[in-house]
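Residue numbers (this note's numbering): 23 to 183. The C-beta atom is built at its ideal place from N, Cα and C for all residues, glycine as well.
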Amino acid sequence: MSATDEPKPEEPKPEIVPAHKKPRFWFWTAGIFGLIAGIVAIAMIARGTSVRGYVERTYTRAASMDVGEERAYTSPNAPSAVSANIVGQWKPVSQYADASGIYLRYNDDMVLIRPQGKGSVIRVDDIDRAYRSHHSSVGGHWGWTSGHGESFRGRGPGAGK
Numbered sequence: 023m024s025a026t027d028e029p030k031p032e033e034p035k036p037e038i039v040p041a042h043k044k045p046r047f048w049f050w051t052a053g054i055f056g057l058i059a060g061i062v063a064i065a066m067i068a069r070g071t072s073v074r075g076y077v078e079r080t081y082t083r084a085a086s087m088d089v090g091e092e093r094a095y096t097s098p099n100a101p102s103a104v105s106a107n108i109v110g111q112w113k114p115v116s117q118y119a120d121a122s123g124i125y126l127r128y129n130d131d132m133v134l135i136r137p138q139g140k141g142s143v144i145r146v147d148d149i150d151r152a153y154r155s156h157h158s159s160v161g162g163h164w165g166w167t168s169g170h171g172e173s174f175r176g177r178g179p180g181a182g183k
């Protein structure tokens, strides 16, 4: 065998590392998720987490007008303008208006807006307590015909019979 007949050692092939195993991939993935979480947190802080918080930040507290657990706030604007503002920020599950005021129903809270002089008084209360207090106005309009639907019998064949 001559020197030219010797087999040449093969050059090592570069190892192919999948993208998901590269440290840079995880760094960027964590950064993107962190950015999304930050944007969501800022939006929640800026907007608040409930209609109750929005009313508290937006309108003037009037503790002397509280009725029981119902918290009162005031606004120099007419009830229709206050309602439009609140509904524009927090879409209610249901709303009803009559001569006594504008009732906005949310999952956990009720907002009642009534005229007060040239402005409005805004009342916020827990939905269950509010339903009991204002049943005569909202009774047939908020979807509950008696005690939040305990007499509802539409659960299926044979249910409640």
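In the DSSP assignment, the beta strand (DSSP E) including Ala-94 goes from what residue to what residue? Against the sequence shown, residue 94 aligns to sequence position 72. Where Ala-94 is concerned, the enclosing beta strand (DSSP E) stretches over 93-97.
Asp-150 versus Pro-114: straight-line alpha-carbon distance, rounded: The residue given as residue 150 occupies position 128 in the sequence shown. The residue given as residue 114 occupies position 92 in the sequence shown. Those two C-alpha atoms are separated by around 15 Å.
Nearest candidate by alpha-carbon position, reference Ser-122, set Pro-137, Tyr-128 and Pro-98: Here residue 122 refers to the residue found at position 100 when the sequence shown is read from its first residue. The shortest Cα separation from Ser-122 among Pro-137, Tyr-128 and Pro-98 belongs to Pro-137.
Burial state of Leu-57 (16 or more Cβ within 10 Å): The residue given as residue 57 occupies position 35 in the sequence shown. Taking all protein chains shown into account, Leu-57 has fewer than 16 neighbouring C-beta atoms within 10 Å of its C-beta and is therefore exposed.
Using C-beta distances below 6 Å, list every residue in its chain close to Arg-145, excluding the 5 sequence neighbours before and after it, in chain order. For this step, residue 145 is matched to residue 123 along the sequence shown. Only Glu-92, Ala-94 and Leu-134 meet the Cβ criterion.
Residue range of the unbroken alpha helix (DSSP H) whose run includes Ala-103: Mapped onto the sequence shown, residue 103 falls at position 81. From DSSP, the alpha helix (DSSP H) with Ala-103 extends over 101-111.
Where the beta strand (DSSP E) through Tyr-76 begins and ends: Here residue 76 corresponds to residue number 54 of the sequence shown, with the count starting at 1. No beta strand (DSSP E) contains Tyr-76, which is instead part of the alpha helix (DSSP H) from 73-80.
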